[in-house]
Amino acid sequence: MKHKCIIVDDEPLARALIASHLANFENFELVDSFENALKAYSFLEHNAVDLVFLDIEMPLLKGNDFLKKLKNPPKVIFTTAYREYAIEGYELNVIDYLLKP
Numbered sequence: 594m595k596h597k598c599i600i601v602d603d604e605p606l607a608r609a610l611i612a613s614h615l616a617n618f619e620n621f622e623l624v625d626s627f628e629n630a631l632k633a634y635s636f637l638e639h640n641a642v643d644l645v646f647l648d649i650e651m652p653l654l655k656g657n658d659f660l661k662k663l664k665n666p667p668k669v670i671f672t673t674a675y676r677e678y679a680i681e682g683y684e685l686n687v688i689d690y691l692l693k694p
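Below is the structure:
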């Protein structure tokens with residue numbers, strides 16, 4: 594069974610890097626990637642995924658606010674350059690927190 598994933602990050606290089614790593618695992622299927630949380634939110638209104646790789650600091654809608662808006666959120670891994678969001682991430686039940694270099 595493949596786990597359907599999306600990437601939500603405003604940095605094209607970060608999206609490409611995560612996608613490249615996911616390609617190494619045959620049990621993950623990258624369904625789509627989004628440059629902002631509003632586009633991802635619209636997508637998730639009509640599509641189900643198992644996992645979201647989610648940046649926090651993004652224009653239009655921050656990742657943590659995006660997560661709070663979801664009625665039935667999938668599993669989420671925060672991907673961010675900011676350590677200070679770790680505690681809030683775990684309060685929002687993210688399953689992991691990847692710190693960008």
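When we follow my numbering, the leftmost residue of the sequence shown carries the number 594, and every step to the right adds one.
All residues carry an ideal CB built from backbone N, CA and C; glycine is no exception.
Quantities reported herein were computed from a predicted structural model and do not represent experimental measurements.
Asked	Found
If you draw a straight line from the C-alpha of residue 693 to the C-alpha of residue 647, how long is it?	12 Å
Who are the near neighbours of residue 689 in its chain, counting only those whose CB is closer than 7 Å to its CB and skipping five residues on each side?	670
Within 10 angstroms of its Cβ, does residue 637 collect 16 or more other Cβ (buried), or is it exposed?	buried
Less than 8 Å between the beta carbons of residue 651 and residue 630, yes or no?	yes
Can you list the alpha helix (DSSP H) stretches of 4 or more residues lying completely in the segment 606-640, in chain order?	630-637
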